[in-house]
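Engineer: Below: one structure in structure tokens.
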Amino acid sequence: MKPSPALFEPIRSPDAPDARDGAAVAAWHAGWAAAVGLMALGGDWLGRAGAGGALDLGASAALAMATPGLLGLLLLARDGRSVRAALLAAWCLAAVSASALSGGLTGPLGAFVFMPLIAAVALGLSPWVLFGALGSALAALAGLMAAGVSEVAPGMAPNPAPGLATVAALLTVGAAALAFRISGGAQGRRRSAVEGAVAQVETVLAGQPGLTLVLDASGAALAAYGAAPAALPVDPLFDEGLVAAVHTPDRPAVLAALAKAAAGTEAQVSFAPRLALDRRILLVLRRLEARQNEPLRLIAVALDATLQHAREAGLDAARAEAEAQNAGKSRFLAHMSHELRTPLNAVIGFSDIMRQQLFGPIPPRYAEYAEAIHKAGGHLLELINDVLDVSRIEADRYQLNIERFDVRETVSAALALVRVQADDKGVDLAAVLPPEALTIAADRRAVKQILLNLLSNAVKFTPSGGAVTVTAEALDGMLELNVADTGVGVSPEDLVRLGRPFEQAGGAEQRAQGTGLGLSLVRALAELHQGMMTIDSTPGEGTAVTVRLPVVVARPAMEGEAEVIPLNRSA
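Residue numbers (the working numbering): 8 to 578.
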């Protein structure tokens with residue numbers, strides 16, 4: 008349902024002009040202009056014989072006073088504070104001119120001196136009433152100055168036309184009465200509008216499902232709207248305050264939220280009410296903007312959050328249970344992997360003896376079986392080792408053995424282990440290493456494992472005739488290991504999955520060549536060293552895996568050209 012626009016109509020300032028009284032103010036100006044004009048035309052009949060000069064000046068002064076009345080008709084076309092302020096200035100100027108022409112307070116139009124003040128009331132400009140009073144004072148002063156220069160206007164005499172003065176006084180009194188009536192009506196309409204808007208807001212607040220509270224800085228309730236949660240009755244909030252309704256262990260959090268809101272920051276807090284400890288209340292607090300010298304007030308919305316709290320507690324329990332089960336799984340895999348390695352090593356060892364025919368020749372078919380058993384056992388042992396390492400890391404049982412060593416030696420050792428595999432596939436290996444020792448403080452076995460996994464993957468997925476290059480260098484205290492190949496590459500959709508356990512890329516043929524644990528283990532070992540792993544790959548062009556570890560403890564003594572060490576088949 009769309010809300011009614013009138014319900015959210017902004018409240019006007021008490022001094023803001025209202026279009027509904029603009030016509031009344033314009034009519035007041037028009038009536039004044041007409042009355043003063045008629046008075047000027049009848050000046051000869053109202054004056055005394057022989058006072059023509061004074062009456063001529065009085066008529067001119069009356070016409071001057073009629074000018075702002077005519078200008079007031081502009082309110083019918085355009086209204087606003089600036090227009091009304093300009094009209095008040097016109098009233099002041101007209102009063103000063105008329106007073107100077109007619110002799111001021113002692114002249115026939117002395118009552119018109121008060122018209123700027125009366126006009127300010129009619130225009131509804133409360134802050135400008137002082138400006139109207141100042142205009143009236145200036146008009147009176149102008150009249151006194153004009154009366155003192157009688158030699159300039161010898162025909163001017165004090166109050167030469169008592170009839171004209173009486174009419175002017177009656178017009179001024181009538182204008183004042185109408186001005187106060189217009190002003191009072193406008194203020195009454197504004198006051199009614201404000202009261203109506205406040206009543207509408209209170210109606211909306213009273214009909215909302217939550218409880219809205221207006222609080223002082225200590226948490227005592229000043230006003231309450233809406234439906235209160237069953238566990239939080241409203242009456243005690245006025246008598247004892249909000250904090251007294253909160254369960255004791257939750258009171259420090261509520262007090263902190265009150266202080267935070269008082270400082271100008273929105274605060275949220277959840278607490279158990281003292282009268283119903285099995286319920287939960289969510290409280291949202293904000294500071295109300297106050298005028299100068301007004302006390303600090305807060306606005307709060309209280310909602311029943313029992314169901315939400317129960318769901319969150321259930322999720323926390325489920326998450327804790329899942330984490331416990333995952334830790335148990337990791338411990339089980341670590342234990343089983345360790346137990347499987349002993350018999351598997353025996354299988355590999357005995358099959359290797361049979362494959363080499365150390366105790367005599369065996370039939371060719373049995374030799375093929377022994378070769379197959381040896382290869383399968385080696386693959387299974389590699390898988391079990393990876394599972395063991397991953398499980399130990401997930402179970403937080405992998406302990407780093409930090410030592411200082413030259414990483415170039417570790418790179419060379421890893422290259423030597425994969426060189427046979429690379430020679431069999433026809434893949435060239437190369438290393439780009441610094442000419443000086445690159446000393447790091449890290450786990451030697453973990454760094455070697457990182458290099459072996461990256462090099463094995465690179466050789467495995469690089470076709471014959473391709474190349475694999477490993478680079479090691481120090482950059483701003485970071486050891487950067489990069490293994491790049493010219494292999495099949497990885498698609499963007501597969502790239503985001505790599506590095507998670509048992510995630511593989513490519514088609515079925517490529518997936519059959521691995522287990523998906525190699526890159527996962529590399530990432531985990533890098534993170535154990537507070538480092539990171541990144542992968543950059545283009546399908547059909549190759550892949551580059553970079554590992555950055557903050558382990559460098561000494562830079563080379565002399566910077567020089569990096570040395571390229573070829574480790575291909577012919578080396």
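Even for Gly, the Cβ is constructed at its ideal location relative to N, Cα and C.
For my contact list, Lys455 and Ala420 are in at a C-beta cut-off of 8 Å; report their separation, rounded to the angstrom.
Structural biologist: For the purposes of this step, residue 455 is taken as the residue at position 448 of the sequence shown. For the purposes of this step, residue 420 is taken as the residue at position 413 of the sequence shown. That pair is a contact at about 6 Å.
Engineer: Quick check on the burial criterion: 16 or more other C-beta atoms within 10 angstroms. Buried or exposed for Ala320?
Structural biologist: Translated into the one-based positions of the sequence shown, residue 320 becomes position 313. It is exposed - the Cβ of Ala320 has fewer than 16 other Cβ atoms within 10 Å.
Engineer: Can you list, in chain order, the residues of its chain with a C-beta nearer than 6 Å to that of Ala260? Leave out the 5 residues immediately preceding and following it.
Structural biologist: Taking the first residue of the sequence shown as position 1, residue 260 is located at position 253. Same-chain partners within the cutoff: Val276.
Engineer: Which same chain residues end up closer than 6 Å to Gly217 when comparing Cβ atoms and leaving out the 5 residues on each side of it in sequence?
Structural biologist: Position 210 of the sequence shown, counted from the start, is the residue given in the question as residue 217. If we look at Gly217 and ignore the five residues flanking it on each side, its Cβ neighbours are Gly233, Val308, Leu310.
Engineer: Span of the alpha helix (DSSP H) holding Ser89?
Structural biologist: Within the sequence shown, residue 89 is the residue found at index 82, counting from 1. Segment 88-109, the alpha helix (DSSP H) holding Ser89.
Engineer: When you compare only the Cα positions, how much space is there between Arg91 and Leu303?
Structural biologist: Here residue 91 corresponds to residue number 84 of the sequence shown, with the count starting at 1. Here residue 303 corresponds to residue number 296 of the sequence shown, with the count starting at 1. For Arg91 and Leu303, the distance between alpha carbons rounds to 36 Å.
Engineer: Taking Ala269 as the reference, which of Val221, Ala71, Ala423 has the closest Cα?
Structural biologist: In the sequence shown, counting from the first residue as 1, residue 269 sits at position 262. Ala269 has its Cα closest to that of Val221, out of Val221, Ala71, Ala423.
Engineer: So, are the CB atoms of Val241 and Gly226 less than 8 Å apart?
Structural biologist: Counted from its first residue, the sequence shown places residue 241 at position 234. Counted from its first residue, the sequence shown places residue 226 at position 219. No. Outside cutoff.
Engineer: Report, in whole angstroms, the separation of the C-beta atoms of Thr469 and Val475, which I expect to be a contact under 8 Å.
Structural biologist: The residue labelled residue 469 in the question sits at position 462 within the sequence shown. The residue labelled residue 475 in the question sits at position 468 within the sequence shown. Yes, Thr469 and Val475 are in contact; Cβ-Cβ is about 6 Å, under 8 Å.
Engineer: Thinking C-beta only, is Leu462 closer than 8 Å to Val495?
Structural biologist: Residue mapping note: residue 495 aligns to position 488 of the sequence shown, counting from 1. Residue mapping note: residue 462 aligns to position 455 of the sequence shown, counting from 1. No, they are not a contact pair.
Engineer: Report the residue ranges of all alpha helix (DSSP H) runs contained in full by the stretch 442-484; include only those spanning at least 4 residues, in chain order.
Structural biologist: The stretch 442-484 contains these whole alpha helix (DSSP H) runs: 451-467.
Engineer: Do you know how far the Cα of Ala183 is from the Cα of Met122?
Structural biologist: Counting from one through the sequence shown, the residue named residue 122 turns up at place 115. Counting from one through the sequence shown, the residue named residue 183 turns up at place 176. If you take the alpha carbons of Met122 and Ala183, they lie about 8 Å apart.
Engineer: Among the candidates Gly385, Gly76, Thr113, whose CA atom is the shortest distance from the CA of Leu100?
Structural biologist: What you label residue 100 is simply residue 93 of the sequence shown in a count that begins at 1. The shortest C-alpha separation from Leu100 is found at Gly76.
Engineer: Looking only at DSSP bridge pairs, what is Tyr232 linked to?
Structural biologist: Here the question's residue 232 lines up with position 225 in the sequence shown. The partner list for Tyr232 (beta bridge, DSSP) reads Thr219.
Engineer: When burial is assigned at 16 or more other CB atoms within 10 Å of the CB, is Leu177 buried or exposed?
Structural biologist: To locate residue 177, count along the sequence shown from 1; it is residue 170. Looking at its Cβ environment, which holds fewer than 16 other Cβ atoms inside 10 Å, Leu177 is exposed.
Engineer: To the nearest angstrom, how far is it from the Cα of Lys336 to the Cα of Pro441?
Structural biologist: As a first step, residue 336 is located in the sequence shown; it is residue number 329 there, counting from the start. As a first step, residue 441 is located in the sequence shown; it is residue number 434 there, counting from the start. Each residue's alpha carbon lies about 43 Å from the other.
Engineer: Rounded to a whole number of angstroms, what is the C-alpha to C-alpha distance between Ala3 and Ala297?
Structural biologist: Since the first residue shown for the chain is 8 and the last is 578, residue 3 is missing from the structure and cannot be characterised.
Engineer: Does Ala84 pass the burial test, meaning 16 or more other C-beta atoms within 10 Å, or should it be called exposed?
Structural biologist: Translated into the one-based positions of the sequence shown, residue 84 becomes position 77. So Ala84 ends up on the exposed side.
Engineer: For a quick check, are the C-beta atoms of Arg287 and Thr313 less than 8 Å apart?
Structural biologist: Here residue 287 corresponds to residue number 280 of the sequence shown, with the count starting at 1. Here residue 313 corresponds to residue number 306 of the sequence shown, with the count starting at 1. Yes; because the gap between Cβ atoms is below 8 Å, this pair is in contact.
Engineer: Look at the alpha carbon of Gly87 and the alpha carbon of Ala33, and state the distance between them as a whole number of angstroms.
Structural biologist: Here residue 87 is taken as the residue at index 80 of the sequence shown, counted from 1. Here residue 33 is taken as the residue at index 26 of the sequence shown, counted from 1. Straight-line Cα distance between these residues: approximately 13 Å.
Engineer: How many Å lie between Leu388 and Tyr376 at the Cα?
Structural biologist: Taking the first residue of the sequence shown as position 1, residue 388 is located at position 381. Taking the first residue of the sequence shown as position 1, residue 376 is located at position 369. For Leu388 and Tyr376, the distance between alpha carbons rounds to 18 Å.
Engineer: Classify Arg362: buried if its beta carbon has 16 or more other beta carbons within 10 angstroms, exposed otherwise.
Structural biologist: Looking up residue 362 in the sequence shown gives position 355. Buried.
Engineer: Check Leu70 in the structure and name its three-state DSSP category.
Structural biologist: The residue given as residue 70 occupies position 63 in the sequence shown. Note: Leu70 maps to helix in three-state DSSP.
Engineer: Who pairs with Phe339 in a beta bridge, going by DSSP?
Structural biologist: Residue 339 sits at position 332 when you count from the first residue of the sequence shown. Answer by DSSP bridge pairing: none, since Phe339 is not bridged.
Engineer: Could you tell me how far apart the beta carbons of Ala73 and Val120 are, in whole angstroms, since I believe they sit closer than 8 Å?
Structural biologist: For the purposes of this step, residue 73 is taken as the residue at position 66 of the sequence shown. For the purposes of this step, residue 120 is taken as the residue at position 113 of the sequence shown. Going by Cβ atoms, the distance from Ala73 to Val120 rounds to 16 Å, so no, they are not a contact pair.
Engineer: Does the separation of the CB atoms of Leu292 and Leu265 fall below 8 Å?
Structural biologist: Taking the first residue of the sequence shown as position 1, residue 292 is located at position 285. Taking the first residue of the sequence shown as position 1, residue 265 is located at position 258. Taking 8 Å as the Cβ cut-off, Leu292 and Leu265 qualify as a contacting pair.
Engineer: Could you tell me which residues DSSP pairs with Gln275 in its beta bridges?
Structural biologist: Your numbering for residue 275 matches position 268 in the sequence shown. Answer is Val291.
Engineer: Roughly how far, in whole angstroms, is the beta-carbon of Asp413 from the beta-carbon of Leu445, given that I think they are within contact range, below 8 Å?
Structural biologist: Numbered from 1 along the sequence shown, position 406 holds the residue referred to as residue 413. Numbered from 1 along the sequence shown, position 438 holds the residue referred to as residue 445. That belief holds up - the Cβ atoms of Asp413 and Leu445 are roughly 6 Å apart, short of 8 Å.
Engineer: Does Leu322 pass the burial test, meaning 16 or more other C-beta atoms within 10 Å, or should it be called exposed?
Structural biologist: The residue you call residue 322 lines up with position 315 of the sequence shown. Exposed, because fewer than 16 other Cβ atoms sit within 10 Å of the Cβ of Leu322.
Engineer: What number of angstroms, rounded off, separates the C-alpha of Ile409 from the C-alpha of Arg451?
Structural biologist: Looking up residue 409 in the sequence shown gives position 402. Looking up residue 451 in the sequence shown gives position 444. Taking the straight line from one Cα to the other gives about 7 Å.
Engineer: Identify whether Arg411 lies in helix, strand or coil by the three-state DSSP scheme.
Structural biologist: Reading the sequence shown from its first residue, position 404 is the one you call residue 411. DSSP places Arg411 in strand when its eight states are reduced to three.
Engineer: With DSSP collapsed to three states, give me the class of Pro280.
Structural biologist: On the sequence shown, residue 280 is found 273 positions in, with the first residue counted as 1. Note: Pro280 maps to strand in three-state DSSP.
Engineer: Could you check where the alpha helix (DSSP H) with Ser527 kicks off and where it finishes?
Structural biologist: Position 520 of the sequence shown holds residue 527. 525-535 is the span of the alpha helix (DSSP H), which, as asked, contains Ser527.
Engineer: Anyone know if the C-beta pair for Ile400 and Val558 falls short of 8 Å?
Structural biologist: In the sequence shown, residue 400 corresponds to position 393, counting from 1. In the sequence shown, residue 558 corresponds to position 551, counting from 1. For Ile400 and Val558, no; Cβs fall outside 8 Å.
Engineer: Between Phe278, Ala279, Leu124, which has its C-alpha nearest Ala186's C-alpha?
Structural biologist: Here residue 186 refers to the residue found at position 179 of the sequence shown. Looking at the Cα atoms, Leu124 is the closest of the given residues.
Engineer: Determine the contact status of Ala105 and Leu112, defining contact as a CB-CB distance below 8 Å.
Structural biologist: Taking the first residue of the sequence shown as 1, we reach residue 105 at position 98. Taking the first residue of the sequence shown as 1, we reach residue 112 at position 105. Going by C-beta atoms, Ala105 is not nearer than 8 Å to Leu112.
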